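First the structure, in the form of C-alpha cells, and then the observations on it.
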Amino acid sequence: DSGVTQTPKHLITATGQRVTLRCSPRSGDLSVYWYQQSLDQGLQFLIQYYNGEERAKGNILERFSAQQFPDLHSELNLSSLELGDSALYFCASSVEVEGSEAFFGQGTRLTVV
Amino acid sequence: DQQVKQNSPSLSVQEGRISILNCDYTNSMFDYFLWYKKYPAEGPTFLISISSIKDKNEDGRFTVFLNKSAKHLSLHIVPSQPGDSAVYFCAASGTDKLIFGTGTRLQVFP
Numbered sequence: 004d005s006g007v008t009q010t011p012k013h014l015i016t017a018t019g020q021r022v023t024l025r026c027s028p029r030s031g032d033l034s035v036y037w038y039q040q041s042l043d044q045g046l047q048f049l050i051q052y053y054n055g056e057e058r059a060k061g062n063i064l065e066r067f068s069a070q071q072f073p074d075l076h077s078e079l080n081l082s083s084l085e086l087g088d089s090a091l092y093f094c095a096s097s098v099e100v101e102g103s104e105a106f107f108g109q110g111t112r113l114t115v116v
Numbered sequence: 028d029q030q031v032k033q034n035s036p037s038l039s040v041q042e043g044r045i046s047i048l049n050c051d052y053t054n055s056m057f058d059y060f061l062w063y064k065k066y067p068a069e070g071p072t073f074l075i076s077i078s079s080i081k082d083k084n085e086d087g088r089f090t091v092f093l094n095k096s097a098k099h100l101s102l103h104i105v106p107s108q109p110g111d112s113a114v115y116f117c118a119a120s121g122t123d124k125l126i127f128g129t130g131t132r133l134q135v136f137p
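Protein sequences, first through last, are from chains A and B. Per our numbering, the first sequence starts with residue 4, numbered consecutively. Per our numbering, the second sequence starts with residue 28, numbered consecutively.
Take a look at the structure:
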C-alpha cells in the first residue's frame, strides 16, 4: 500500500459526459501529480500541484482540469469525454516539488462508451 | 517531444542472468532520475533513483548507472528472478516535472 488513495477504481461513462477523479496523497506529501496511461502507452504527465498551487503542466487537454484543495487532496476533472479518453489515470504524491520519489495510487480506469 | 525514451519495448532474460534496461533523455536540466516497476492492475512502485551528481547507485540486486555525457541511464538487475517480470519505467525529474519513459516489459523465464 503506497498510501495514495484514488477513487473510484473503475468508471464507465458515455461520450460527452463529465467525470471527476479523486486523489488523496500520502500523509505529509505536498506535491500531487496526475498521469494518463492509454493502452500500450507510457505514463503521460498531465499536471502537477504543490501545496495547492499548479506547478507544472504537461500534455493536458483543455477539456481537462485539476485542482488541489487546502487539505491537499486533488481532483482531476474530465469533460466532453471522447472515446479516446479511455485510459488509466494515475495520481502520485511526493514530499517535495522535485528530487524525491513519487508514490502512486492504484489508478482509476476510465472507460468511455 | 519525448524527453525520456525507452527504446526497447520488451526484454526477455533467463532466471539468474543479468537484466539491463536502458533509458535515454534529451533534457540536460534533469537533475534526478528514477526507476519504477509496474505490475498489471497496480500503480507503479518506486525502485531506485540516482542524482545527476552521481554515476552509480546500488541497492541490493539493483544498480542504476548514469552517463551524463551520453544522456543515458541503465538499470541492472543481477541476478534476475521470475518475480522481476514487470514493466519498468524510467523517469526524470526537473523543473517541477516528473517525466516518464514509455516503459520496457521485462520477462524473466526459468
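Where is the CB? At the ideal position from N, CA and C, for every residue including glycine. Only a predicted model underlies this, so the values are computations on that prediction, with no experimental measurement involved.
For V115/A, which beta-bridge partners are listed by DSSP? Here residue 115/A refers to the residue found at position 112 of the first sequence. According to DSSP, which records beta bridges pairwise, V115/A is partnered with T16/A.
Please identify the residue among T53/B, Q33/B, K32/B and V40/B whose C-alpha is closest to the C-alpha of S112/B. Here the question's residue 112/B lines up with position 85 in the second sequence. Considering only alpha carbons, the answer is V40/B.
For T2/A, which option in V22/A, V35/A and R21/A has the closest C-alpha, if you only look at C-alpha atoms? Only positions 4 to 116 of chain A appear in this structure, which leaves residue 2/A out of reach.
Judging by CA-CA distance, which residue of H99/B, S55/B and I45/B is the nearest neighbour of N34/B? What you label residue 34/B is simply residue 7 of the second sequence in a count that begins at 1. Taking only the C-alpha atoms, the option nearest N34/B is H99/B.
Apart from the five residues just before and just after T23/A, which ones in its own chain have a Cβ nearer than 6 Å to its Cβ? Sequence index remark: in the first sequence, residue 23/A carries index 20 (1-based). E78 and N80, listed in sequence order.
Please say whether T131/B and S37/B have beta carbons closer to each other than 8 Å? Here residue 37/B is taken as the residue at index 10 of the second sequence, counted from 1. Here residue 131/B is taken as the residue at index 104 of the second sequence, counted from 1. Yes. Within cutoff.
Tell me which residues share the same chain as I45/B and place their Cβ nearer than 8 Å to its Cβ, disregarding the 5 neighbours each side in the sequence. Stepping through the second sequence from its first residue, residue 45/B is reached at position 18. Correct list, in chain order: H103, I104, V105, P106 and S107.
Taking only the alpha-carbon atoms, compute the straight-line gap between G61/A and Q39/A and give it to the nearest angstrom. On the first sequence, position 58 is the one that residue 61/A refers to. On the first sequence, position 36 is the one that residue 39/A refers to. Roughly 11 Å separates the two Cα atoms.
Neighbourhood of G43/B by C-beta, 6 Å cutoff - its chain only, sequence neighbours within 5 removed: The residue given as residue 43/B occupies position 16 in the second sequence. P106, listed in sequence order.
Sequence-distant residues of its chain with Cβ nearer than 6 Å to L46/A (five each side left out): Taking the first residue of the first sequence as position 1, residue 46/A is located at position 43. Closer than 6 Å at the Cβ level, and outside the excluded window around L46/A, lie Y38 and Q40.
In whole angstroms, what separates the C-alpha of G87/B from that of C117/B? By one-based count along the second sequence, residue 87/B stands at place 60. By one-based count along the second sequence, residue 117/B stands at place 90. Computed Cα separation, rounded: 18 Å.
Can you pull the chain A residues whose beta carbon is under 7 Å from the beta carbon of S76/B, in chain order? Position 49 of the second sequence, counted from the start, is the residue given in the question as residue 76/B. By Cβ distance, chain A contributes E104.
State the Cα-Cα distance for the pair V116/A and C50/B, rounded to the nearest angstrom. Your numbering for residue 116/A matches position 113 in the first sequence. Your numbering for residue 50/B matches position 23 in the second sequence. When rounded, the distance between both Cα atoms is 36 Å.
Near I77/B, what residues of its chain come up, given a Cβ to Cβ distance below 6 Å and the 5 sequence neighbours on each side ignored? In the second sequence, residue 77/B corresponds to position 50, counting from 1. Around I77/B: F60, N84, V91 and L93.
Terminal residues of the continuous beta strand (DSSP E) containing F73/B? Against the second sequence, residue 73/B aligns to sequence position 46. Counting along the chain, the beta strand (DSSP E) containing F73/B begins and ends at T72 to S78.
Buried/exposed call for T111/A, threshold 16 Cβ in 10 Å: Residue numbering aside, residue 111/A sits at position 108 when the first sequence is read from its first letter. When all chains shown are included, T111/A counts as buried.
Does the beta carbon of F92/B come closer than 8 Å to any beta carbon on chain A? As a working mapping, residue 92/B is identified with position 65 in the second sequence. Answer no: the Cβ-Cβ gap between F92/B and chain A never drops below 8 Å.
Can you tell me which of the three DSSP states L33/A falls into? The residue you call residue 33/A lines up with position 30 of the first sequence. Looking at L33/A - three-state DSSP - the assignment turns out to be coil, as it is neither helix nor strand.
Closer than 7 Å at the beta carbon, the chain A residues around E85/B: What you label residue 85/B is simply residue 58 of the second sequence in a count that begins at 1. None at all; the shortest Cβ gap to chain A is about 16 Å.
What three-state label does DSSP hand D82/B in the structure shown? Looking up residue 82/B in the second sequence gives position 55. In this structure, D82/B counts as coil in the three-state DSSP scheme.
Assigned secondary structure, G45/A (DSSP; H/G/I helix, E/B strand, else coil): Along the first sequence, one-based indexing puts residue 45/A at 42. DSSP places G45/A in coil when its eight states are reduced to three.
Between which two residues does the beta strand (DSSP E) carrying N94/B extend? Along the second sequence, read from residue 1 onward, the residue named residue 94/B stands at position 67. Note, N94/B: beta strand (DSSP E), F89 to N94.
What residue range does the beta strand (DSSP E) around F116/B cover? For the purposes of this step, residue 116/B is taken as residue 89 along the second sequence, with counting starting at 1. Run containing F116/B: A113 to G121, per the beta strand (DSSP E) assignment.
Under 9 Å by beta carbon: chain B residues contacting G61/A: Along the first sequence, read from residue 1 onward, the residue named residue 61/A stands at position 58. Residues of chain B passing the Cβ test: K124 and I126.
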